[in-house]
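Structure first, then comments.
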Amino acid sequence: MAEPIEVVNAEMTCRTLDDLFRPEAVSSVAVCDLADPRRMGLISRDRHLAVSAGSLGYGRALLTRRQVGEVADWSPLVVDPAEPLLDVVARAMRRPARQRFDDVLVNDVVWSVVSTSQMVRGLVEVLTR
Numbered sequence: 003m004a005e006p007i008e009v010v011n012a013e014m015t016c017r018t019l020d021d022l023f024r025p026e027a028v029s030s031v032a033v034c035d036l037a038d039p040r041r042m043g044l045i046s047r048d049r050h051l052a053v054s055a056g057s058l059g060y061g062r063a064l065l066t067r068r069q070v071g072e073v074a075d076w077s078p079l080v081v082d083p084a085e086p087l088l089d090v091v092a093r094a095m096r097r098p099a100r101q102r103f104d105d106v107l108v109n110d111v112v113w114s115v116v117s118t119s120q121m122v123r124g125l126v127e128v129l130t131r
């Protein structure tokens, strides 16, 4: 269900994010803190668009030289690939309302991502069999 996700360095400039989000299929980009490689962040397409717009519409120009780590969500839901789908969906739904439908990172040999809507659809399929 999860798809591999692009992992970028937290020190990369925000200018590069535009290129990463160009393909419509990219919903999120994972961010690795080089000072602590176990610390992973997430930037969703929605978060990227919001910070790029900024409060006065100058966000993209203001962020050009800032680092990706400054705009990443450093508390995404990270799950193990063996964790039962029902448990992951339940954890996702317990997140605060503004994060409830954010993508979920899967910590496997290769980092992956799954959308909450994909998980809910998968759960419906399992429950209706």
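Residue numbers (our numbering): 3 to 131. Note that beta-carbon positions come from the ideal geometry of N, C-alpha and C, so glycine has one too. Treat the numbers as computed from the prediction; the structure is a model and nothing was measured.
- Here Met14 carries a coil assignment [DSSP, helix/strand/coil].
- With fewer than 16 other Cβ atoms from the protein chains shown falling within 10 Å of its own Cβ, Ala37 counts as exposed.
- Cα atoms of Glu26 and Arg47: separation of roughly 9 angstroms, rounded to the nearest angstrom.
- Measuring C-alpha to C-alpha distances from Leu125 to each of Asp104, Ile7 and Pro86 identifies Pro86 as the nearest.
- The Cβ neighbour count for Val33, taken over all protein chains shown within 10 Å, is at least 16; the residue is labelled buried.
- Beta-bridge pairing by DSSP links Ser54 to no other residue.
- Just so you know, the alpha carbons of Asp75 and Val81 end up roughly 16 angstroms apart.
- Between Met121 and Val91 a beta carbon distance of about 5 angstroms is seen, short of the 8 angstroms cut, so the two are scored as contacting.
- If you look at Val91, you'll find it in the alpha helix (DSSP H) that goes Leu87 to Met95.
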